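Data first, discussion second: the structure below is written as C-alpha cells.
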Amino acid sequence: MSVDANYTLPGNIFQTIFEKSPGSILVKADLPRFTILAVSDSYLKVTSTTREAILGKGFFEVFPDDEPQLIDEKAARHVFTKVINTGKTIDVPSYRYDVYNADTQSQELHHWSCSNVPVLGDDGRIAYILNTIADITEEVKAKESAIESASRLRLATEVTGLATWDMDLQHHGTFYYSPRMVEIFGQPPGTVLTVGSMRSQMSADDMQNIVRKSFKEALITGEHLYEIKIVWPDESVHWIKTQGTIIFDKNKRAVRMLGTVLDITESKRDEIRKNDFIAMASHELKTPLTSLKSYIQLLAKKLSKTDDDFVSNALTKAENQVNKMSDLIYGFLDLSQLESGKLSAKLQPFDIIKLINETIADINLSNNSHTIIFNSTGPIKVNADRERIGQVISNFLGNAIKYSPKESPIIVTCKVTGDSVQVAVTDYGIGIKQRDQEKLFQRFYRVENERAKNISGFGIGLYLASEIIQRHKGNIWVESQEGSGSTFYFSLPITVDS
Ligand code: ADP
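The sequence shown maps to residues 146 to 643 in the numbering used here.
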C-alpha cells in the first residue's frame, strides 16, 4: 500500500489527539520565553493548571522557580536550549515533582521522566519543543524499596556473620555468593570460589552422605539444611551450617537454589568437647560398675542357700539397680559413639522372633508389674545388627513399662509386610500428644507430662533407636492417643545391603 504524500489530517484532529495524549506540552522555540502553544489534559491535571491560564504564556512564567514545579528552571532552560542548539531529543530519565492531591488537600511526592523532542518549522529550523512527561513514581518506589531491603539484608547478614549464595541450576556454573563466603572457607580475600573449589574442601564421604543426600531430599521438599566439616588451606578443620531453598518453575523443574552459610566451628568444638567428656565419664563409670555387678552376683551365689529373705531380696534389688545404671551408662556411651560417627551396624542374618523372645525374657527378669504378651510365629530371618535391634526392642518395652500403669498388658507383634518385617509394641499407658509425637525421636526430647514427671530418663533411648533403624534403612514411628496408650513401630527391610 502506498502512502499518499498529499494526504493531511485536518488541524483540529491533530489538536484533539495532542490534547488527549499523555502528559505533553508544546512550546515555541522562542528562547528565552518558550511560549506555550498546546498542552494535553493530563499535563494540566498533573500541574493543577487550566488551558486558558497557561496557553500563550511563557513556560517559565507559568512554572516559576519558587513553586513546586515540573523541572528545576535552570535545568529545564538548559535542556530546552540544548535541544535547540543540538537539534537532538534530550531525555531526562528521572526528576522529582510533587503533585497537589485535591482529595487529600496535600502535596504528594511524585517522580517523572521526560523527553524533549525538537520539532522543525516550515523553514527546516527548530520551531518548537515537544515536552512529554511520564509518571514513574511506582517504579522509583519499587527500586528504592528493593535497595532498602537489599541493604537491610546485607546489614543483617554482616551482623550475624552469615554468607549468602545463589546458584542457577539451569545454566550450569552461574553461582553468586557474598564476600563473607570467602572468609568462611578460609580463603585469602578476593579468591574466586566455585562450587567445585568449595566441595574440594569437604571429604568424599561427607559429599556422598551429606551433600548429595540433602540435595536429593531438597529436590522433593524444596528445603535443605545440613552441617558439614570443611578443611581450610592451612589444614585446620572448621564446621559450617548451610540452609536454603530450591525454586521450581511452573513445570516443577528446579531452576534456582539459594541460601545461607554460617560458620559453627566454635559451637561444634564445644559440642565435641562435651561429647568427649560424656564418652570419657561413661567409660570411667563402666569399670567400677562392672566389678560391683560381679561382686553382687558372687554374693548372690554364695548366699543362694540362705534362709534370710531380707538378704536375698536386697541382693536382687541391688542387681536390678546396677543393671539400670549400666543401661544408662551404655546409653551415654552409644550416644557419644553416635555423635562421633562411630556407631556402626554389624550385619548378620538372624531370626528376629527369637530375638524378641530373648529380649522379653531378659526384661521379665526385672519386670514384675506388667504382662508382656507376644504370640510368636515361625522364624523370620533378617540381615541386621542383632545386638542393636535387641536394644531397640528393649527400649520400646522399657518405655511401655515405664509409661503405663502396673498390671496393664503390653502387646508385642511381629509380621512381614511386603519386603519388610514390622515390629510393634503396644501399651495402654499415658499416651503422647500429637504435637510431641514428631519430636520424640530427637536427642534429649522428653514430653512434659504431669503423669510422667517422676519417671526418670534422659530422652536418648528413642533417639538411639531411630539412629539404629536409619542405619538399617528401616523406618521407626509411633501411633498414640493421649490417655489411651501408644504403639511404637519399627520396620526393617528383610534383606539389607551392607
Ligand atoms: P526416656 O524414656 O529415657 O526419657 P526415650 O528417648 O526412650 O527417653 O523417650 C523419650 C520420651 O518419649 C520419654 O521421655 C517420654 O516422654 C516419651 N515416651 C516414650 N515412650 C513412651 C510411651 N510408651 N508412652 C508414653 N510416652 C513415651
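For glycine and all other residues, C-beta sits at the position ideal for the given N, C-alpha and C.
Treat the numbers as computed from the prediction; the structure is a model and nothing was measured.
Three-way DSSP call (helix, strand, coil) for residue i in this model
i	result
K361	helix
G630	strand
L637	strand
G156	helix
Y273	strand
Y242	coil
D102	No answer is possible for residue 102: the residues shown for the chain start at 146 and end at 643.
E368	strand
F393	strand
K490	Strictly speaking, residue 490 in this sequence is Ala, with Lys absent from that position. Coil at A490, not helix or strand.
Q346	coil
A174	coil
S294	helix
V406	strand
H256	strand
L182	strand
I577	coil
Q388	strand
K288	helix
T195	coil
A247	coil
L444	helix
S187	helix
T336	coil
N594	coil
G203	strand
K233	coil
Sub-8 Å separation of residue i and residue j beta-carbons
i	j	result
A104	I538	Because residue 104 is not part of the residues shown, which for the chain are 146 to 643, the question remains open.
F586	I621	yes
I497	V557	no
N261	N246	no
I517	I534	no
V382	F393	no
Y548	I508	no
G306	R325	yes
A569	T522	no
N420	S485	yes
C559	I613	no
K551	S514	yes
I423	L480	yes
L338	Y322	yes
Q332	P378	yes
F159	I181	no
L637	V527	yes
A132	G168	The requested residue 132 does not occur in the structure, where the chain is confined to residues 146 to 643.
V456	L448	yes
I355	I373	yes
T226	V207	no
Q579	V623	no
F477	I501	no
Close Cβ partners of residue i (< 7 Å) along its chain, the five nearest in sequence each way excluded
i	result
A125	The displayed coordinates of the chain run from 146 to 643. Any statement about residue 125 would go beyond what the structure contains.
I329	A308, I385, V406, D408
E532	none
E212	For E212, the predicted structure reports a pLDDT of 46, less than 50, and the residue's modelled location is therefore unreliable. A value from the coordinates is still provided. Excluding residues within five positions, none has a Cβ falling inside 7 Å.
N512	I546
T410	H383, W384
D243	P213, Q252, E253, L254, H255
Y608	F586, Q587, R588
D415	none
R196	V184, L189
Same chain, Cβ closer than 6 Å to residue i, neighbours up to 5 away in sequence not counted
i	result
E368	T390
G604	F589, Y590, R591
A272	A174, G266
G630	D572, Y573, G574, G576
L430	I474
A183	F163, L171
D311	Y321, L403
E362	none
N540	G606, A610
Own chain residues within Cβ distance below 8 Å of residue i, not counting five before or after
i	result
I281	S239, H256, W257, S258
V224	I216, I235, V237, N261
D351	I373, K374
Rounded distance between the beta-carbons of residue j and residue i, thought under 8 Å
i	j	result
V285	I274	V285 to I274, Cβ: 25 Å. No contact.
A426	R616	Not confirmed; about 25 Å, so no contact.
K165	S185	7 Å
Q346	L370	Rounded, the Cβ-Cβ distance is 19 Å, inconsistent with contact.
K446	S471	In fact, because the Cβ distance is near 19 Å, the residues do not count as touching under 8 Å.
Residue i: CB within 7 Å of a non-hydrogen atom of ligand 2
i	result
G604	Annotation note on ligand 2: not contained in the displayed structure, which lists ligand 1 as its ligands.
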